[in-house]
Amino acid sequence: MGGRLAGRVALISGAASGMGASHARAFVAEGAAVMLADIADAAGEQLAAELGARAGFVHLDVTSGADWDAAVAATVARFGKLDVLVNNAGILDAGPLGTYTEKQWQNMLAINLTGPFLGLTAARDALVAARPAAVINISSAAGIQGVPGAHGYTASKFGLRGLTKSAALELAPLGVRVNSVHPGGVLTPMLGADADATLDRGENPLARLGLPAEITPMVVFLASEESSYCNGAEFVVDGGMTAGRG
Ligand SMILES: NC(=O)c1ccc[n+]([C@@H]2O[C@H](COP(=O)([O-])OP(=O)(O)OC[C@H]3O[C@@H](n4cnc5c(N)ncnc54)[C@H](O)[C@@H]3O)[C@@H](O)[C@H]2O)c1
Numbered sequence: 038m039g040g041r042l043a044g045r046v047a048l049i050s051g052a053a054s055g056m057g058a059s060h061a062r063a064f065v066a067e068g069a070a071v072m073l074a075d076i077a078d079a080a081g082e083q084l085a086a087e088l089g090a091r092a093g094f095v096h097l098d099v100t101s102g103a104d105w106d107a108a109v110a111a112t113v114a115r116f117g118k119l120d121v122l123v124n125n126a127g128i129l130d131a132g133p134l135g136t137y138t139e140k141q142w143q144n145m146l147a148i149n150l151t152g153p154f155l156g157l158t159a160a161r162d163a164l165v166a167a168r169p170a171a172v173i174n175i176s177s178a179a180g181i182q183g184v185p186g187a188h189g190y191t192a193s194k195f196g197l198r199g200l201t202k203s204a205a206l207e208l209a210p211l212g213v214r215v216n217s218v219h220p221g222g223v224l225t226p227m228l229g230a231d232a233d234a235t236l237d238r239g240e241n242p243l244a245r246l247g248l249p250a251e252i253t254p255m256v257v258f259l260a261s262e263e264s265s266y267c268n269g270a271e272f273v274v275d276g277g278m279t280a281g282r283g
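Next comes the structure, spelled out in structure tokens:
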């Protein structure tokens, strides 16, 4: 790793675990300063301490606009600016229609869709001030195609793909690019400790889940000015899962 993100300052939600933690590690290794943000305080603080002086941690519940304002302020206070926002925090659940409750639905949308909206809202002025800036919204293959039973999750990830486009169109003249990343199944705590990494080829042409380290390079690319002409677009990293039927 080198200095592909040298001088950049990033705020990553959901950075205490899984892919967010992988992105935070890589960002620091590539020269960025990173504010890790999560509801999981102990794990986030531990990882930030491990990553050293160019990493900090702030408590953030992405459903709270006040938490977002405080996280952006803490990032600017600690590192001087904010030029990369990674809306990564998310949850997964599922259940058939008839049993999937309105409460589950509202909670899913609050975290996976309203959360990134509140993040964009809170970070907008800081990102514009630091231009050129980049926002990376972590959607999913479930933002490209439906997942049976995962109604709230699929709707939230399609919604985030749409929010990416409206924000990209609005913020491009202000020097802020906004893109979405669509991982396929990735081996993280979200899928459970006993998740089987092997898939059949009908589920995924590569016949396996991905690893966080296989998604992170796309996020690094989109956070850097290597992606200066990428805007409002979908970046699928899914082993070919959404390419079509095998
Ligand atoms: N793992 C997969 O197969 C997969 C596939 C496609 C997309 N994704 C998406 O990638 C992102 C990261 O998921 P992961 O697999 O690394 O999961 P993970 O469960 O390992 O990490 C998610 C993180 O989000 C945090 N979080 C949850 N609710 C929060 C809230 N209200 N406020 C702030 N932080 C909160 C958790 O504490 C956790 O640290 C999510 O948006 C997820 O939907 C995951």
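Note that the sequence shown covers residues 38 to 283 in our numbering. Where is the CB? At the ideal position from N, CA and C, for every residue including glycine.
Is the closest heavy atom of ligand 1 to the C-beta of residue i under 7 Å?
{"i": "Gly-132", "result": "no"}
{"i": "Ala-260", "result": "no"}
{"i": "Ile-49", "result": "no"}
{"i": "His-75", "result": "For clarity, residue 75 is Asp in the given sequence; the question names His instead. Asp-75: yes, Cβ under 7 Å from ligand 1."}
{"i": "Val-215", "result": "no"}
{"i": "Asn-125", "result": "yes"}
{"i": "Pro-220", "result": "yes"}
{"i": "Ser-177", "result": "yes"}
{"i": "Ala-53", "result": "yes"}
{"i": "Met-145", "result": "no"}
{"i": "Leu-97", "result": "yes"}
{"i": "Pro-185", "result": "no"}
{"i": "Ile-128", "result": "yes"}
{"i": "Leu-228", "result": "yes"}
{"i": "Gly-57", "result": "yes"}
{"i": "Thr-279", "result": "no"}
{"i": "Val-223", "result": "yes"}
{"i": "Thr-158", "result": "no"}
{"i": "Thr-235", "result": "no"}
{"i": "Thr-100", "result": "yes"}
{"i": "Ile-173", "result": "no"}
With DSSP as the reference, please indicate the residues paired to residue i in a beta bridge.
{"i": "Pro-220", "result": "Val-274"}
{"i": "Gly-93", "result": "Met-72"}
{"i": "Ser-203", "result": "Per DSSP, none; premise fails for Ser-203."}
{"i": "Ser-50", "result": "Ala-74"}
{"i": "Thr-235", "result": "Arg-245"}
For the alpha helix (DSSP H) containing residue i, name the first residue and the last one.
{"i": "Asn-144", "result": "139-146"}
{"i": "Gly-55", "result": "55-66"}
{"i": "Leu-155", "result": "152-166"}
{"i": "Ala-209", "result": "Run containing Ala-209: none; DSSP gives neither H nor E here."}
{"i": "Leu-84", "result": "78-88"}
Which first and last residues belong to the beta strand (DSSP E) in which residue i is found?
{"i": "Leu-246", "result": "Looking at the DSSP string, Leu-246 is not in any beta strand (DSSP E), and its letter there is neither H nor E."}
{"i": "Ala-170", "result": "170-175"}
{"i": "Val-113", "result": "Premise fails: Val-113 lies in the alpha helix (DSSP H), 102-116, not in any beta strand (DSSP E)."}
{"i": "Leu-122", "result": "121-124"}
As a quick exercise: from the options, pick the residue whose alpha carbon is nearest that of residue i.
{"i": "Thr-151", "options": "Leu-119, Ala-192 and Gly-222", "result": "Ala-192"}
{"i": "Val-184", "options": "Arg-168, Ala-43, Phe-94 and Leu-129", "result": "Leu-129"}
{"i": "Val-123", "options": "Ala-114, Leu-155 and Leu-134", "result": "Leu-155"}
{"i": "Val-65", "options": "Ala-80, Gly-89, Glu-82 and Ala-74", "result": "Gly-89"}
{"i": "His-96", "options": "Ile-49, Thr-138, Gly-283 and His-219", "result": "Ile-49"}
{"i": "Pro-226", "options": "Thr-279, Gly-40 and Gly-55", "result": "Gly-55"}
{"i": "Ala-114", "options": "Val-99, Ala-70, Leu-84 and Ala-209", "result": "Ala-70"}
{"i": "Gly-245", "options": "Thr-253, Ala-234 and Met-255", "result": "The sequence given here has Arg at residue 245, not Gly. Checked all of Thr-253, Ala-234 and Met-255; the closest Cα to Arg-245 is Ala-234."}
{"i": "Gly-36", "options": "Gly-277, Asn-268, Tyr-266 and Ser-261", "result": "A query on residue 36 cannot be resolved here, the shown segment of the chain reaching from 38 to 283 and no further."}
{"i": "Ser-177", "options": "Val-215, Gly-81, Lys-202 and Thr-279", "result": "Thr-279"}
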